[in-house]
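Heads up: the protein sequence lines correspond to chains A and B, in order.
Anchor point for the first sequence: position 54 equals 54 in our numbering, and the numbering is continuous, going up by one each time.
Anchor point for the second sequence: position 34 equals 1034 in our numbering, and the numbering is continuous, going up by one each time.
Glycine included, every Cβ here is placed at the ideal spot set by N, Cα and C.
Please read these numbers as outputs of a predicted model, since none were measured by experiment.
Accompanying notes for the structure given below.
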Amino acid sequence: MLDVKAGDEQSFVLLLHRYRSPLINFLYRMVRNREQAEDLAQEVFLRVYRAREDYIPSAKFTTWLFRIATNLALNSVRDNRYQRMEISLDAPVTTDAEDGDEKTMDVPEKHPNIEQHLIEEARRRMIRQAIEKLPDKQRAAVLLHKYQELDYGEIAKILECSESALKSLLFRAYETLRVELAPLVAQQAR
Amino acid sequence: MEKKIMGYVDGRLKEGERLKMDEHLSTCAVCQLRVNEFRAVNVLLDELPMIEPSAAFDVRVNARVAAEPAKQSWWGWFAPSPRVAFAASMLLLATVWIGSYSVSDPPQIDQADVPVLENYDVISSFEALTELSQAVPADDASQQNQDM
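Structure follows, in structure tokens:
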């Protein structure tokens, strides 16, 4: 980031390549819409670029980056600007959006074990829905902790709370997930 | 305990805290079950696949960055118009010069006038002066002299 601050445009391209995927995945799981996640990720990179000259390396770059992303995502969810498309009963059944964008369900005929495939899809859907049900801040905490593997101090700074409050937040989130995913947890914990 | 369980599951507790937690778990079935369940949740969360950014993502970001106006410093404001810069600096110079001239020489009081000013109160309330006839303008006085 210091190279970007010094005016090295190539370093910005490197930052983009390095962080676009984790950022888009984080935002996707926050706003639950791929297109909106990419729009928000663009906005994050644009803000980073605009703030490059004022950047002071007082915290890790990832902390700063995900703080911008989290604020944008929380505002977006709060403002209800990006509403998730409700699946109409009349609309074609779609696959789990995790596989990419909403695609019409196409059970692969060549799949060696269709039943197994459907079970895996159902598991994923259940996990995704359990995460989606979490309150916004708990969801952000879990995503930053689990998928970005940031340490407690960084996540606390991103969410603007104390480390102690963050640990309580994560505990409550895992408690909810444990209950929501009880059938799967029971299999796993055996 | 609530705040330690996550750290224990993550393996982020300090050595001393971890040993205490091990000791507690060896005697507390409830906490042991909770730790196992949290670990199971952690494994389940790994099942969600990552999505890939769309092919157009980089293009869009680069286009938006390219459309950003170049940042200018405050003096860069004047760069497009040297005449404005020259006029502004001349105006500033004139303001400073006039300001310094007006405050540099305060009005001087002649020392000879000071006793008169000091006696002003006495003179203004001196009864003998009030009995004198009213002063007349100089032109009228010369006219009166000629009439005589």
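Find the residues of chain B that neighbour residue i, judging by a C-beta separation of less than 8 Å, and give them in chain order.
i: A/Phe-171; result: Glu-1002, Lys-1003, Ile-1005 and Met-1006
i: A/Ser-21; result: Met-1050, Glu-1052 and Pro-1053
i: A/Ile-24; result: Ile-1051, Pro-1053 and Phe-1057
Would you decide whether residue i is buried or exposed? Buried here means 16 or more other CB atoms lie within 10 Å of its CB.
i: B/Tyr-1101; result: exposed
i: A/Val-142; result: buried
i: A/Met-30; result: buried
i: A/Arg-18; result: exposed
i: A/Ser-162; result: exposed
i: B/Met-1006; result: buried
i: B/Trp-1097; result: exposed
i: A/Lys-167; result: buried
i: A/Ser-164; result: exposed
i: A/Lys-146; result: buried
i: A/Gln-129; result: exposed
i: A/Ile-68; result: buried
i: A/Gln-42; result: buried
i: A/Phe-45; result: buried
i: B/Leu-1093; result: exposed
i: A/Arg-20; result: buried
i: B/Arg-1012; result: exposed
i: A/Leu-118; result: exposed
i: A/Leu-134; result: buried
i: A/Gln-116; result: exposed
i: A/Leu-14; result: exposed
i: A/Asp-106; result: At A/Asp-106, the pLDDT of 48 sits below 50, so the modelled position is not reliable and the matter cannot be decided from this model.
Note down, in chain order, every chain B residue with its Cβ under 7 Å from the Cβ of residue i.
i: A/Asn-33; result: The premise fails here: A/Asn-33 is roughly 11 Å from chain B at the closest Cβ pair, so nothing lies under 7 Å.
i: A/Leu-16; result: Asp-1058 and Val-1061
What in chain B is Cβ-close to residue i, meaning under 9 Å?
i: A/Glu-38; result: Pro-1053, Ser-1054, Ala-1056, Phe-1057 and Arg-1060
Terminal residues of the continuous alpha helix (DSSP H) containing residue i?
i: B/Ala-1066; result: 1057–1066
i: A/Tyr-19; result: 9–31
i: A/Arg-123; result: 114–133
i: A/Ala-59; result: Neither: A/Ala-59 is in no alpha helix (DSSP H) and is coded neither H nor E.
i: B/Met-1006; result: 1002–1010
i: A/Tyr-152; result: 152–158
i: A/Ala-173; result: 163–180
i: B/Ala-1040; result: 1029–1045
i: A/Arg-139; result: 136–146
i: A/Arg-50; result: 34–50
i: B/Lys-1020; result: 1015–1025
In chain A, which residues lie less than 7 Å from residue i when you measure between Cβ atoms?
i: B/Val-1064; result: Contrary to the premise, residue 1064 of chain B reads as Arg rather than Val in this sequence. In chain order: Gln-42 and Leu-46.
i: B/Val-1043; result: Gln-188
Quiz item: According to a CB-to-CB cut-off of less than 8 Å, which residues of the segment 44–78 of chain A neighbour chain B?
Solution: Taking 8 Å as the Cβ-Cβ cut-off against chain B, the residues of the segment 44–78 of chain A that qualify are Phe-45, Leu-46, Tyr-49, Arg-50 and Glu-53.
Quiz item: Using a Cβ cut-off of 7 Å, which residues of the segment 154–187 of chain A contact any Cβ in chain B, in chain order?
Solution: So the close ones are Ser-164, Lys-167, Ser-168, Leu-170, Phe-171, Tyr-174, Leu-177, Arg-178, Leu-181, Leu-184 and Val-185.
Exercise. Note down, in chain order, all residues in the segment 1009–1040 of chain B with a beta-carbon under 9 Å from any beta-carbon belonging to chain A.
Key: Only those residues of the segment 1009–1040 of chain B whose C-beta falls short of 9 Å from the nearest C-beta of chain A are listed: Val-1009, Asp-1010, Arg-1012, Leu-1033, Arg-1034, Asn-1036, Glu-1037, Phe-1038, Arg-1039 and Ala-1040.
Quiz item: Going along the segment 124–151 of chain A in order, which residues come within less than 7 Å of chain B, judged by CB to CB distance?
Solution: From the segment 124–151 of chain A, only Arg-124, Ile-127, Arg-128 and Lys-146 have a Cβ closer than 7 Å to chain B.
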